[in-house]
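Structure, as structure tokens:
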Amino acid sequence: MISKKEVKPLKYQNLPGLSEKQLKEHHDVLYAGYVKKLNEIEEKLKEASRAEASASYSQFRELKLEETFSLNGVKLHEGYFDNLGGKGEKPQGKILEIIERDFGTYENWEEDFKACGMSARGWVVLTYDLEEKKLHNYICDWHSQGGVWNTVALLILDVYEHAYFIDYATGRKNYIETFMKNIDWNFVNEKIKKFIPLEN
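Each residue of the sequence shown is one higher than the one before, counting from 0 in numbering that gives the first Met the number 0.
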């Protein structure tokens, strides 16, 4: 069972190009809603019958499906908010070294990441594959679909409309440009140090 989750506070109130209202709706309503639902599911799982578990239909099956949807909703949102708060600088250090190794240039990676942002219906995730020892940009249209096992999520972009509609309406391209200017690359480098010892 997953321990009871708490809403992780934002480390900023607004960002260049993202208003306080946009961030509060996204964080305090949407993300907090996933945390609340995940905790509800975990409580209901304590009582759900394991003896009646069935692949066709059972309360246990439905709760387990919604558990991964809600848990990924929490984790993806936390990664997204943690990735923001940078000063508009290009990456430095280990992440730049790995990007240039795996994509040729930072510009190649950025072009691919932005194209993923225009193609996805939900999320773009820059991951490090622990077996291939390589970076990949993946899209994921649904919280419980599109994730790749045995990878570390380094950078997460939310492209669901709730992430930008207040500030950008349907202007996703401009929102993605704003996201790129707000990436906290120091946070990404810290994740590499913590989770990918082979690259240190």
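Where a beta carbon is used, it is the ideal one built from N, C-alpha and C, also for glycine.
- Taking 4 residues as the minimum length, the alpha helix (DSSP H) runs contained wholly in the segment 14-45 are 19-23, in order along the chain.
- Under the DSSP assignment, W122 falls in the beta strand (DSSP E) whose first and last residues are W122 to D128.
- With a cutoff of 8 Å on beta-carbon distance, V6 and I94 are scored as not near each other.
- Burial state of A54 is exposed, judged by a 10 Å Cβ sphere holding fewer than 16 other Cβ atoms.
- Within the model, the alpha-carbon separation for N38 versus R60 is close to 17 Å.
- Between the C-alpha atoms of Y33 and K74 there is a straight-line separation of about 10 Å.
- From the listed residues L44, K10 and G78, the smallest Cα separation to V123 is found for G78.
- By the beta-carbon neighbour count (other beta carbons within 10 angstroms, threshold 16), G116 is buried.
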